[in-house]
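Below: the structure, in structure tokens.
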Amino acid sequence: MLRIRLQRLGKKKSPTYRVIISEQSRDPHARALEILGSYNPVGDKSLQLKEDRVKHWLAVGAQPSETVANLLINAGLIEDTQKKKSVKISNKRQVKLDKKREEEELKKKAAKEAVSEVPAEEVAA
Numbered sequence: 631m632l633r634i635r636l637q638r639l640g641k642k643k644s645p646t647y648r649v650i651i652s653e654q655s656r657d658p659h660a661r662a663l664e665i666l667g668s669y670n671p672v673g674d675k676s677l678q679l680k681e682d683r684v685k686h687w688l689a690v691g692a693q694p695s696e697t698v699a700n701l702l703i704n705a706g707l708i709e710d711t712q713k714k715k716s717v718k719i720s721n722k723r724q725v726k727l728d729k730k731r732e733e734e735e736l737k738k739k740a741a742k743e744a745v746s747e748v749p750a751e752e753v754a755a
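The sequence shown begins at 631 in my numbering and counts up by one.
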């Protein structure tokens with residue numbers, strides 16, 4: 631299966647990436663079928679793509695990696711409702727996030743009830 635993914639270049643702590651098309655089972659540092667563009671995450675976060683070639687490979691059936699899919703969504707080349715998460719959240723962390731979200735919802739409900747309990751005369755005065 632063909633995959634559109636990033637190939638890291640650059641010095642230590644100063645990465646730049648090539649957007650490449652290659653076989654999924656191959657090493658990302660191996661020779662690519664085609665170089666589709668470049669991405670510089672440091673500074674202005676510039677992304678240069680050969681849009682016609684990216685669209686061609688997507689039409690042929692190449693699958694973008696999660697990170698590349700997010701970049702393509704930002705560039706407007708593919709339409710998707712949600713960005714993909716490239717980092718998985720552990721179950722322990724997910725439970726903490728759910729508890730925090732529930733607490734925030736309870737605070738919002740309490741604030742709404744407090745506002746609705748205030749009589750209209752006191753608000754006008």
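Think of the CB as a built atom: it goes at the ideal place given N, C-alpha and C, for glycine as much as any other residue.
From a predicted model like this one, the values you see are computed outputs, not experimental measurements.
query, result
"According to DSSP, residues forming a beta bridge with Gln678", "Ser668"
"Ile651 vs Ala692 beta-carbon contact at 9 Å", "yes"
"Cβ pair Thr697, Asn670 closer than 9 Å", "no"
"Identity of the residues DSSP links to Ile651 by a beta bridge", "Ile634, Glu664"
"Distance CB(Leu632)-CB(Ser695) smaller than 9 Å", "no"
"Helix, strand or coil at Lys641 according to DSSP, with G and I counted as helix", "strand"
"Beta-carbon spacing of Leu707, Lys685 below 9 Å", "yes"
"Host alpha helix (DSSP H) of Asp657 (start-end)", "Unbroken run through Asp657: none, as it is neither H nor E."
"Boundaries (first-last residue) of the alpha helix (DSSP H) holding Glu746", "Here residue 746 turns out to be Ser, not Glu, going by the sequence shown. Segment 721-747, the alpha helix (DSSP H) holding Ser746."
"Environment of Gly583 [buried if 16+ CB atoms lie within 10 Å]", "Here the chain has residues from 631 to 755 only, and residue 583 is not among them."
"First through last residue of the alpha helix (DSSP H) which encompasses Ala699", "696-705"
"Cutoff 8 Å; reference Val672; Cβ partners in own chain excluding five residues on either side", "Ser644, Pro645, Thr646"
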